[in-house]
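Using this note's numbering, the first residue of the sequence shown is number 937, and each one after it goes up by one. Think of the CB as a built atom: it goes at the ideal place given N, C-alpha and C, for glycine as much as any other residue. Note that the structure is a prediction, hence the values are computed from the model and not measured.
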Amino acid sequence: MDRDRYVPFTTVFNFRDLGGYPTDEGRRVRSGVLYRSDGLHRLAETDFGRFAALGVRRVVDLRRTDEVANYGRVPDSPGLDYHNVCLQTQAWTAAEVAPGELAGYLTARYAEIADEAVGGAMARVLRLIAEDTAGGTVFHCMAGKDRTGVVAAVVLSLLGVGDDTVADDYAASRFSEQRYLAWRATVAPDAPKYLPSTSDPAPAETMLAFLADLRSRYGSVTGYLDAAGFGPADRALLRTRLLAPN
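Structural data, given as structure tokens:
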């Protein structure tokens, strides 16, 4: 994982460009078009200029409505198109999971996210990403790892990015978790634990197992997207939007 993909902000820790990854057709994902992130409600006023300079014009917030109500949303600004699409209605925490069982636990939760999103949320998110907007798009949840990781995996796989690369992109969230937890300890030292005591909160094998399970149950990633209502014409638009020309 190229650490240069990170866009450094003061209190947002997992903002990354999804561009540059190679595909199985010898093409690359466009840079500066699609970003993934953790909670943009924490974006500090001192970082507004850096965020604006990226040219992001659309934010897709994957959090539940109660999370948006409790924590707020990305600060509004002229020309910023904001959408809240709840990707998962049931809250969960991995705090009580033993470190050696974390990958299996997360794989099961990601399968639940994918299955629930078949009901319409996944197609809506992907259409927002595929639309030919004037600027870039960023999608995010709270940590930028779980719900965001599922969407990133589906998008990159659809574009033809290999599973190992998709898993490496997912696993890079470990670096942001370390930064976030250090910051959280200073501002909320008594906050409850939400992850087990493990040095790797985003094991790559989690994403490999998730993609294998998705294919096993839906036949392929495109089979999953067909079930989700994101058909061939939608997928062609997304590929046009996100793949650099040969």
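Practice task
Note the first and the last residue of the continuous beta strand (DSSP E) segment covering L970.
Solution key: Here the beta strand (DSSP E) through L970 covers L970 to S973.
Q) What alpha helix (DSSP H) runs, 4 residues minimum, are completely inside the stretch 1095 to 1181? A) 1099 to 1107, 1109 to 1123, 1140 to 1154, 1157 to 1163 and 1168 to 1178
For the candidate residues R978, T982, T1001 and S1109, whose alpha-carbon lies nearest to that of D953?
-> S1109
Do V965 and L998 have their C-beta atoms within less than 8 Å of each other? no
Next item on the list: List the residues that DSSP assigns as beta-bridge partners of V995.
Entry: Y1018 and V1074
| Alpha carbon to alpha carbon, how far is V1004 from A1163? | 28 Å
- Could you work out which residue in T947, Y942 and V943 is closest to A1121 when comparing CA atoms only? T947
**Asked** In whole angstroms, what is the alpha-carbon distance linking L1174 and V1090?
**Response** 12 Å
Could you spell out the range, first to last residue, of the alpha helix (DSSP H) harbouring G1040? L1038 to A1053
Are R1056 and G991 close, meaning C-beta to C-beta below 8 Å?
-> In the sequence on display, residue 1056 carries Gly and not Arg. Cβ distance not < 8 Å, so G1056 and G991 don't count as in contact.
Next item on the list: Go through its chain and collect everything with a Cβ distance to G975's Cβ below 6 Å, but skip five positions before and after it.
Entry: M1078
Checklist line | Residue span of the alpha helix (DSSP H) that contains A1034, given as start and end | finding: Unbroken run through A1034: none, as it is neither H nor E.
Spatial neighbours of L1144 in its chain, beta-carbon cut-off 7 Å, leaving aside the 5 residues before and after = In its chain, beyond the 5 residues on either side, D1099 and A1103 have a beta carbon closer than 7 Å to the beta carbon of L1144.
Taking the beta carbon of G1073 as the centre, do at least 16 other beta carbons fall within 10 Å, making it buried, or is it exposed? It should be pointed out that residue 1073 corresponds to Thr in this sequence rather than to Gly. The residue is buried, with at least 16 neighbouring Cβ atoms inside 10 Å.
> Are T1069 and R994 close, meaning C-beta to C-beta below 8 Å?
Replying inline: R994 is positioned such that its CB atom lies closer than 8 Å to that of T1069.
So the alpha helix (DSSP H) A988 belongs to, where does it begin and stop? Per DSSP, the continuous alpha helix (DSSP H) segment holding A988 begins and ends at F984 to A989.
### Task
Work out the CA separation of Y1154 and V1123 for me, nearest whole Å.
43 Å
For V965, the residue or residues it bridges with in DSSP
L1179
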